[in-house]
Amino acid sequence: MNEFKLRREQLLAELPLNSMVVLFAGKGVKRSADADYPFAVNHNFAYLTGIDEPEAVLMIVKIRHRTTATLFIRDIDLALQKWNGKYISIDETKKISEIDSVTYLSAFESTFVSQLTRAGVNRLYLDLERLNLTDRPLAGEPFAKKIKEAYPALTLENIYPMIATMRTVKSDVEVEKIENCISVTKSAFERMVRNARNSNFEYELQAEFEYELKRIGAAPAFEMIVAGGGRSTVLHYVENNDALSEDELVLCDMGASVALYNSDISRTFPKSGKFTDRQKLLYNIVLEAMEAVFEKIKPGVMLKELNDVVVNLYEKRLKEIGLIKERSEISNYYYHGVSHFLGMDVHDVGQIENMVLVAGNVITVEPGLYVEAESIGIRIEDDVLVTEDGYRNLSESIVKTVEKIEALMNNG
23 MNEFKLRREQ
33 LLAELPLNSM
43 VVLFAGKGVK
53 RSADADYPFA
63 VNHNFAYLTG
73 IDEPEAVLMI
83 VKIRHRTTAT
93 LFIRDIDLAL
103 QKWNGKYISI
113 DETKKISEID
123 SVTYLSAFES
133 TFVSQLTRAG
143 VNRLYLDLER
153 LNLTDRPLAG
163 EPFAKKIKEA
173 YPALTLENIY
183 PMIATMRTVK
193 SDVEVEKIEN
203 CISVTKSAFE
213 RMVRNARNSN
223 FEYELQAEFE
233 YELKRIGAAP
243 AFEMIVAGGG
253 RSTVLHYVEN
263 NDALSEDELV
273 LCDMGASVAL
283 YNSDISRTFP
293 KSGKFTDRQK
303 LLYNIVLEAM
313 EAVFEKIKPG
323 VMLKELNDVV
333 VNLYEKRLKE
343 IGLIKERSEI
353 SNYYYHGVSH
363 FLGMDVHDVG
373 QIENMVLVAG
383 NVITVEPGLY
393 VEAESIGIRI
403 EDDVLVTEDG
413 YRNLSESIVK
423 TVEKIEALMN
433 NG
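Start counting the sequence shown at 23; every next residue gets the next number (the working numbering).
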């Protein structure tokens, strides 16, 4: 039994009788004129099917005497295939998803209606993910409005929290995919750092990193940050268009995306190839905070507790070096959390308030220190698997100590 089928069965076990789930793969978003943004499949749909195709629809039905899964794919248009390439076939879809019932999208509406009128379905689950009031609605929202108007007695539910919870626990296959992304990131990072001393602009470093991704067949997981000097104290600086000075630290937040999974790595290094004493002092405080967080990671620990570890260590160390006098001042130099979930999304789904870690979670550990007055921003970030008895650092092989970074930059 393949992984997608196992996930569907897990979801089915959670559903009440006489219910149906409908998930949409989504479609391209118009950019301008006749151009669309690149298609990005809905990750909850892909999580349950393995299918990365626009306009596809998954229907899961659970009634007293049967459970079924049906996939609807685009009707083949021979003329459009000459412009856009071949559509996925029914046989290919069956092989990937291990769903026996695959048909064309033109049959979706009649099939859907028959489940309501003949099979006795009285509860419909849709993916109604929404982080903000101003977000562009996903396909589930307009469908929900349409169906609620036509079938006012039908109960509508949001399947998103249920799938998000499932996605927080990664299988061995998912961990391997994330590790592959990390391996690609390592290769691209090392290429970039070896060329740092001969690069004069932030975008040159970005080009080195992204060239290696493309060469390997990967894509950037997100808008890369290459921030020299004072720009590194801005958390989401992505312009990457400024000149690099010889005495600056360069903060890079980067990742690779392969087969719908991602890595998320941050490293900070000196443009010159050698840390100054002040840069080294601050850098090693951040590295010490990272190691302290690692020691805390295990099932049963709240994500908030990991951030408390960083704040407690910073209170001690930053007072020792005279950067702060009171604990309340830490927020002037460290103003983000230390961890988030990682997976099909870089800031992966399922993270809620007072979240408690369980085995199978994949999280980032990313302490930072940002001293605007000195034009120094430092962030070090690794990707970590929570295990039954602790953790495993999936990105441990990407160099991060002062000595190893300097060796890589100067010796290749």
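Glycine included, each C-beta is placed from N, C-alpha and C at the ideal position.
Own chain residues within Cβ distance below 7 Å of residue i, not counting five before or after
i: Val206; result: Leu235, Ile238, Ala240, Ala278 and Val280
i: Lys116; result: Asp122 and Val124
i: Gln137; result: Met42, Val83 and Val143
i: Gly72; result: Phe26, Ile118 and Ser119
i: Pro292; result: Leu271 and Gln301
i: Ile459; result: The question about residue 459 has no answer, for the chain in this structure spans 23 to 434.
i: Ile98; result: Tyr109
i: Asp58; result: Gly50, Val51 and Lys52
i: His358; result: Leu257 and Gly390
i: Glu151; result: Leu160 and Tyr182
i: Ala141; result: Val83 and Ile85
i: Glu327; result: Lys318
i: Val195; result: Glu25
Residue j beta carbon less than 8 Å from that of residue i
i: Pro76; j: Gly107; result: no
i: Thr290; j: Leu273; result: yes
i: Glu230; j: Met214; result: yes
i: Met377; j: Met431; result: no
i: Gly390; j: Tyr413; result: no
i: Thr190; j: Phe316; result: no
i: Leu37; j: Asn66; result: no
i: Leu333; j: Ile352; result: The identity of residue 333 in the sequence shown is Val, whereas the question assumes Leu. Against a cut-off of 8 Å, the Cβ pair of Ile352 and Val333 comes out as a contact.
i: Lys208; j: Ile427; result: no
i: Thr423; j: Ala381; result: no
i: Tyr336; j: Ala314; result: no
i: Leu282; j: Asp74; result: yes
i: Asp405; j: Ile204; result: yes
Inter-residue spacing [alpha-carbon to alpha-carbon] between residue i and residue j
i: Glu224; j: Ala249; result: 7 Å
i: Ile85; j: Phe134; result: 14 Å
i: Pro321; j: Ala68; result: 28 Å
i: Asp411; j: Pro164; result: 45 Å
i: Leu34; j: Val256; result: 45 Å
i: Gln103; j: Asn306; result: 56 Å
i: Arg29; j: Leu407; result: 20 Å
i: Ser417; j: Val331; result: 21 Å
i: Asn40; j: Ala161; result: 23 Å
i: Thr177; j: Trp105; result: 42 Å
i: Leu304; j: Ile402; result: 12 Å
i: Phe94; j: Asp113; result: 12 Å
i: Leu146; j: Glu179; result: 6 Å
i: Leu309; j: Val360; result: 12 Å
i: Arg339; j: Met188; result: 39 Å
i: Met81; j: Ile110; result: 18 Å
i: Arg219; j: Tyr392; result: 23 Å
i: Ala172; j: Ile181; result: 21 Å
i: Asn329; j: Pro159; result: 33 Å
i: Asp275; j: Gln32; result: 35 Å
i: Arg349; j: Lys341; result: 9 Å
i: Phe130; j: Thr92; result: 9 Å
i: Lys199; j: Ala210; result: 17 Å
i: Glu375; j: Glu425; result: 38 Å
i: Met184; j: Asp370; result: 14 Å
i: Ser132; j: Ala55; result: 33 Å
i: Phe61; j: Lys347; result: 51 Å
i: Asn24; j: Asn64; result: 20 Å
i: Met366; j: Thr386; result: 14 Å
i: Glu212; j: Glu394; result: 27 Å
Rounded Cβ spacing between residue i and residue j (contact assumed at less than 8 Å)
i: Leu127; j: Arg96; result: 6 Å
i: Asn262; j: Gln228; result: 5 Å
i: Asn222; j: Ala265; result: 6 Å
i: Val197; j: Val384; result: 7 Å
i: Ile319; j: Leu379; result: 7 Å
i: Gly295; j: Ser397; result: Rounded, the Cβ-Cβ distance is 18 Å, inconsistent with contact.
i: Ala166; j: Leu153; result: That pair is no contact at about 17 Å.
i: Ser254; j: Gly399; result: 3 Å
i: Gly372; j: Ala243; result: At roughly 18 Å, the Cβ-Cβ gap does not stay under 8 Å, so Gly372 and Ala243 are not in contact.
Close Cβ partners of residue i (< 6 Å) along its chain, the five nearest in sequence each way excluded
i: Asp269; result: none
i: Glu201; result: Leu416
i: Ala78; result: Ala47 and Ile95
i: Thr90; result: Val83
Own chain partners of residue i with C-beta closer than 8 Å, once the 5 adjacent residues on each side are dropped
i: Ser267; result: Gly250, Gly251 and Lys293
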